[in-house]
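Residue numbers (the working numbering): 2 to 346.
And the structure:
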């Protein structure tokens, strides 16, 4: 029994074996966890589970995040919570039940469903953030329930394309397909602006462009970035009529409507059309808006742009490998790097 328990405590990164063995381990863990809940509940260890449980706290925390405008974080936690509840069921959990055994069982459950280590880690990190918030509020003691599961990030295949691919995409005749043309323009605008993320492009306002400089804050890090305005950027903006909105690009078209829903709908449309364009180009990787970001960094590196400059250009001030280079960087080097890349097109 102790051997089985030790096996289940092995992190996701090092777990091995056939899916049948994983399913057996998962079944044993779920029986064990269910028995633990039943026994402790019978003894009166838990009270007011629905009112004071982990799930109720998580839902309340998500509502608070939405109230203060942190929609991205709230949506991430909603996704994480839905996955977790597919494993534990619809009933709330007492905080005391959120322990290392439960998290190991959940990790085995994710692996048995074919979830990759990075995705599993994504769920675990989200749950850990919610749990730690409850600890900060004094709702439960810190027992480190995530100590035996994988919460790192494995290196993945880079989603980058060459300058030749960017040229081919730019030069495609899409006059008969306005939606594909729009998706292509958004991709190129991201590339032209040093790999700006889709959500940052969506919320760009006309007032962000002044005196030949586009200024914005990354939604992900809240870091302020400045981009020198270049002719290819203006060419894309000039193609679309956005007179009725304060937004620079035609992603959010109705300022009075649900802007979040418009952003998500446009993101789905753009990535769907980009996928089709990538297939037309015969690319080995799916073409998405994020490929523009990876592509810019990869091409900049091939042009011998210093790593520190690339990091600054993309707003990677949290990357430990490049952080020491950022303090003395002049934004003019970033502008020059971007000009070199655009001229190469």
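Every residue, glycine too, gets a C-beta built ideally from N, C-alpha and C.
Note that the coordinates shown come from a computational prediction; the quantities given were computed from them, not determined experimentally.
Self-check item: Closest residue to residue 301 among 177, 214, 161 (Cα-Cα distance)
Solution: Residue 301 has its Cα closest to that of 161, out of 177, 214, 161.
Quiz item: residue 124 by DSSP, collapsed to three states: which one?
Solution: Three-state DSSP puts residue 124 in a helix.
Quiz item: Can you name the start and end residues of the alpha helix (DSSP H) that residue 64 belongs to?
Solution: Unbroken alpha helix (DSSP H) run through residue 64: 55 to 68.
Quiz item: Does the stretch 256 to 268 touch the stretch 135 to 142, meaning 3 or more C-beta pairs lie closer than 8 Å?
Solution: Cβ pair count under 8 Å is below three, so no.
Quiz item: Contact between the stretch 179 to 189 and the stretch 268 to 279: three or more CB pairs below 8 Å?
Solution: Contact between the stretch 179 to 189 and the stretch 268 to 279 is present, because at least three Cβ pairs lie under 8 Å.
Quiz item: Is it true that the CB of residue 192 sits closer than 9 Å to the CB of residue 285?
Solution: With respect to residue 192, residue 285 sits apart: the two C-beta atoms are not nearer than 9 Å.
Self-check item: DSSP three-state assignment for residue 221, whether helix, strand or coil
Solution: Three-state DSSP puts residue 221 in coil, outside helix and strand.
Practice problem: Confirm the yes/no value for this check: CB of residue 291, any heavy atom of the ligand ZN, distance under 8 Å. | Solution: The model depicted lacks the ligand ZN and carries no ligand whatsoever.
Quiz item: Who are the Cβ neighbours of residue 147 in its own chain at under 7 Å, not counting the five residues just before and after it?
Solution: Excluding five sequence positions before and after residue 147, the CB atoms of its chain that fall closer than 7 Å to its own CB belong to 104, 125, 129, given in chain order.
Quiz item: So who's on the other strand from residue 340, going by DSSP bridges?
Solution: In DSSP, residue 340 forms no bridge with anything.
Exercise. Look at the alpha carbon of residue 189 and the alpha carbon of residue 249, and state the distance between them as a whole number of angstroms.
Key: Spanning the two alpha carbons is a distance of roughly 15 Å.
Quiz item: Of the choices 56, 221, 297, whose alpha-carbon is the least far from that of residue 195?
Solution: Minimum Cα distance to residue 195 is reached at 297.
Exercise. Please state if the CB of residue 80 and the CB of residue 153 are separated by a distance shorter than 9 Å.
Key: At the C-beta level, residue 153 and residue 80 stay beyond 9 Å of one another.
Quiz prompt | Local Cβ density within 10 Å of residue 345, reported as buried at 16 or more and exposed below that | solution = That one is exposed.
Exercise. Taking residue 173 as part of the alpha helix (DSSP H), name the residues at either end of that continuous run.
Key: Unbroken run through residue 173: none, as it is neither H nor E.
Practice problem: Determine, using beta-carbon pairs with one atom in the stretch 210 to 217 and one in the stretch 304 to 316, whether at least three such pairs fall under 8 Å. | Solution: In this structure the stretch 210 to 217 does not lie against the stretch 304 to 316, because fewer than three pairs of beta carbons, one per stretch, are closer than 8 Å.
Quiz prompt | Assigned secondary structure, residue 148 (DSSP; H/G/I helix, E/B strand, else coil) | solution = Per DSSP, reduced to three states, the secondary structure at residue 148 is coil, with no helix or strand assignment.
Quiz item: Are the Cβ atoms of residue 251 and residue 343 separated by less than 9 Å?
Solution: The Cβ atoms of residue 251 and residue 343 lie no closer than 9 Å to each other.
Quiz item: Under a Cβ-count criterion, where at least 16 other Cβ atoms within 10 Å of its own Cβ denotes burial, should residue 115 be classed as buried or exposed?
Solution: Exposed: under 16 other Cβ atoms inside 10 Å.
Exercise. Could you tell me the distance, in whole angstroms, from the CA atom of residue 335 to the CA atom of residue 306?
Key: Approximately 9 Å, taken between the alpha carbons.
Quiz prompt | Candidates 66, 121, 151, 199, of which the one nearest residue 269 by Cα | solution = When only C-alpha atoms are compared, the closest one is 199.
Quiz item: In whole angstroms, what is the alpha-carbon distance linking residue 145 and residue 101?
Solution: Between residue 145 and residue 101, the C-alpha separation is close to 7 Å.
Quiz item: Run through DSSP, which three-state label would residue 306 get?
Solution: Residue state, collapsed to three classes: coil.
Quiz item: By Cβ distance, which residues of its chain are closer than 7 Å to residue 226, with the 5 residues on each side in sequence left out?
Solution: Once the five neighbours on either side are set aside, the close Cβ partners of residue 226 are 217, 219, 316.
Quiz item: Where does the unbroken alpha helix (DSSP H) through residue 76 begin, and where does it stop?
Solution: Segment 72 to 89, the alpha helix (DSSP H) holding residue 76.
Quiz item: Out of 66, 84, 123, which has the shortest C-alpha to C-alpha gap to residue 110?
Solution: Sorting 66, 84, 123 by C-alpha distance to the C-alpha of residue 110 places 84 at the top.
Self-check item: Same chain, Cβ closer than 6 Å to residue 88, five either side skipped, listed in chain order
Solution: Close CB contacts of residue 88 within its chain, under the 6 Å cut and outside five residues either way in sequence, are with 107, 110 (chain order).
Exercise. Tell me residue 292's beta-bridge partners as DSSP assigns them.
Key: Paired residue(s): none; residue 292 is not in a bridge.
Quiz prompt | Buried or exposed by the 16-neighbour rule on C-beta atoms within 10 Å, applied to residue 112 | solution = Burial check for residue 112: the Cβ neighbour count within 10 Å reaches 16 or more, so the residue is buried.
Quiz prompt | C-alpha gap between residue 309 and residue 295, whole angstroms | solution = Just so you know, the alpha carbons of residue 309 and residue 295 end up roughly 16 Å apart.
Practice problem: Just grab the DSSP bridge partners of residue 210 for me. | Solution: Partner(s): 215.
Self-check item: Buried or exposed (CB count within 10 angstroms, at least 16 for buried), residue 245
Solution: Around the C-beta of residue 245, fewer than 16 other C-beta atoms lie within 10 Å, and the residue is accordingly described as exposed.
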